[in-house]
Amino acid sequence: MNILILGSGAREHSIAWAVKQNPKCSRLLVAPGNAGIADIAEISNTNIENCDEVVALAKREKIDFVIIGPEAPLAAGVSDVLKHNGFLVFGPTQAAANLEVSKSFMKEICTSANIPTAKYAKFNELGSAREYVEEQGAPIVIKADWLAAGKGVTVAMDLPTAYQALEDIFKSGSQNLETKVVIEEFMEGEEASFFVLCNGQKLLPIGTAQDHKRVGDGDTGPNTGGMGAYSPAPVLTGKIQDTVIREIIKPTLREMERRGAPYQGVLYAGLMIKDEKARLVEYNARFGDPECQPLMMRLGAQVLDLLIATSNGDLDECQISWADDHALCVVMASIGYPGKIKKGTIIKGVKNLSSSSSQMCFHAGTKKEANNLVANSGRVLSFTARGETLAEAQSVAYKMAKSIDWKEGFYRTDIGWRALL
Ligand code: AMP
Ligand code: GLY
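In terms of this note's numbering, the sequence shown opens at residue 275 and continues consecutively.
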């Protein structure tokens with residue numbers, strides 16, 4: 275099969291790495307990719323948010339299967355247009371991806387399907403939003419109702435922070451949307467991610483993970499896209515997973531189908547767990563980054579069969595074989611991330627790392643410049659390792675991170691702390 279993966283992060287590198295090991299993959303093309311992906315696949319410099327360009331690429335290269343990694347092409351309708359042109363695609367339509375793109379849509383689905391989640395209200399006008407916040411008090415959660423790459427959410431522990439977040443949202447007023455802000459009750463608990471392959475009402479859970487969203491050790495500092503992750507997440511016990519499928523995932527899939535927007539792809543449920551009960555924080559219409567990296571390491575080559583079965587609607591014939599092990603990923607980012615960073619700094623030592631089914635250095639923002647590997651964005655490398663225990667996986671991932679010579683880079687030193695307590 276000729277396979278095309280869209281994306282350029284460590285998530286897509288890990289998917290490419292897993293897919294490449296499957297004998298069904300005869301040719302692998304990634305757009306736009308990065309320096310690490312270029313070592314294992316052909317690269318195309320296509321604009322992946324432009325439907326026509328992606329379709330032209332898929333036709334030109336005689337692609338049999340397209341895997342969409344990030345949310346932006348889903349939001350742009352790339353999956354719809356590829357499907358209209360007869361391609362087999364992994365990834366939801368624009369209407370179904372709305373579960374991630376629009377917080378108000380997601381909350382509406384939760385209300386219609388009676389899904390346990392935080393109480394909320396939505397506003398398109400600053401005055402009434404402020405009044406509601408004043409009435410509810412802090413802590414409270416303020417969410418811009420558009421795709422903001424993880425930066426549109428403020429968990430406000432006091433009222434001035436909440437008012438500031440509202441003002442910032444209403445100031446960025448170029449968005450001509452019906453709802454501008456979703457305001458939610460603050461939920462306490464431990465967060466974990468649950469990944470389920472779905473097609474219509476068919477589903478197959480493929481694992482749990484825990485992300486580390488804050489930039490600093492001890493979960494301090496601003497939110498990022500994720501500084502590290504591990505899988506499985508012990509807080510999401512088998513019993514809780516069963517309840518989540520029954521009370522959250524299945525009702526969502528039914529409601530999406532009822533609305534004429536059946537969901538096909540991976541549904542990533544961000545959950546808040548307290549007293550053995552889970553409530554939905556958010557949905558994403560794709561794999562998480564960095565959660566994907568440990569998942570791919572644990573699943574390996576079978577990933578391709580699972581993704582094809584998802585797209586074909588054959589999920590009920592699928593079986594997953596799990597190694598009874600753990601995987602952990604440490605993200606190395608450019609100093610300054612999630613704020614301003616310097617591009618073009620030289621990274622040494624990546625070539626010396628060994629690559630195997632138990633340890634991989636997945637690339638995100640990397641580029642080759644005059645024979646050097648240089649940093650090209652905020653998150654740059656994802657050191658991912660497997661072990662019989664989580665502590666073992668953690669030790670190998672950090673050994674990789676420590677061997678890198680890159681003064682302008684940093685990583686958290688406590689990935690996995692909750693599970694290792
Ligand atoms: P979201 O983009 O909706 O996942 O929000 C980003 C992060 O904000 C989540 O991963 C949580 O850590 C936090 N968050 C979002 N909504 C809530 C909530 N209602 N209560 C507590 N924390 C929240
Ligand atoms: N790591 C969080 C996300 O991918 O949304």
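Glycine included, C-beta positions come from ideal geometry on N, C-alpha and C.
Checklist entry - When the distance is taken between beta carbons, is E662 closer than 7 angstroms to D599? => result yes
Item to check | DSSP state of T453 mapped onto helix, strand, coil | outcome: coil
Checklist entry - Going by beta carbon distance, what residues of the same chain come within less than 8 angstroms of S595, once the five residues before and after it are set aside? => result Q576
Next on the checklist: What does the alpha-carbon distance come out to for the pair S446 and M380?
Outcome noted: 22 angstroms
Checklist entry - Hey, would you say S376 sits closer than 7 angstroms to G365, going by beta carbons? => result no
Next on the checklist: Can you check which of these residues, N650, T658 and I621, is closest to S631 by C-alpha distance?
Outcome noted: T658
Checklist entry - So who's on the other strand from L471, going by DSSP bridges? => result L478 and V540
Next on the checklist: Determine whether the beta carbon atoms of S677 and G639 lie at a separation below 7 angstroms.
Outcome noted: no
Item to check | Alpha-carbon spacing of T435 relative to K614, whole angstroms | outcome: 22 angstroms
Next on the checklist: Along the chain, where does the alpha helix (DSSP H) containing C384 start, and where does it finish?
Outcome noted: K377 to A387
Checklist entry - Quick one: what's C635 bridged to in DSSP? => result F657
Checklist entry - Should V375 be counted as a contact of ligand 1 given a C-beta to heavy atom distance under 6 angstroms? => result no
Item to check | Where T584 falls: helix, strand or coil (DSSP) | outcome: helix
Checklist entry - Quick one: does the C-beta of G495 sit closer than 6 angstroms to a heavy atom of ligand 2? => result no
Item to check | Contact set for G474: own chain, Cβ-Cβ below 8 angstroms, skip 5 residues either direction | outcome: Listed in chain order, the non-local C-beta contacts of G474 below 8 angstroms within the same chain comprise L527, E531, P536, Y537, Q538 and G587, local neighbours out to five positions each way being set aside.
Checklist entry - Between which two residues does the alpha helix (DSSP H) harbouring A284 extend? => result A284 to K294
Checklist entry - Helix, strand or coil: how does DSSP classify F684 here? => result It is a strand residue.
Item to check | Close beta carbons around Q515, own chain, < 8 angstroms, minus the five adjacent residues each side | outcome: F468, P479 and T482
Checklist entry - Cβ of N372 versus every heavy atom of ligand 2: is any distance shorter than 6 angstroms? => result Not one heavy atom of ligand 2 sits closer than 6 angstroms to the Cβ of N372.
Item to check | Contact set for I317: own chain, Cβ-Cβ below 8 angstroms, skip 5 residues either direction | outcome: L303, V304, A305, P306, G307 and I311
Next on the checklist: Looking at A503: is its Cβ nearer than 7 angstroms to the Cβ of P564?
Outcome noted: Yes, the Cβ-Cβ distance between A503 and P564 is below 7 angstroms.
Checklist entry - In terms of residue numbering, what span does the beta strand (DSSP E) encompassing S628 cover? => result From DSSP, S628 is part of no beta strand (DSSP E); its letter is neither H nor E.
Checklist entry - Of the choices K357, D679, E399 and D326, whose alpha-carbon is the least far from that of N626? => result Checked all of K357, D679, E399 and D326; the closest Cα to N626 is D679.
Item to check | Any heavy atom of ligand 2 nearer than 5 angstroms to the CB - residues listed | outcome: D485, G500, G562 and D563
Checklist entry - Taking 6 angstroms as the cut-off, does the CB of V518 come closer than this to any heavy atom belonging to ligand 1? => result V518 has its CB no nearer than 6 angstroms to any heavy atom of ligand 1.
Next on the checklist: Any heavy atom of ligand 1 inside 6 angstroms of the beta-carbon of F460?
Outcome noted: yes
Next on the checklist: Suppose the cutoff is 6 angstroms on Cβ atoms and the five residues either side in sequence are ignored; what does the same chain contact list for M571 look like?
Outcome noted: A601, T658 and R660
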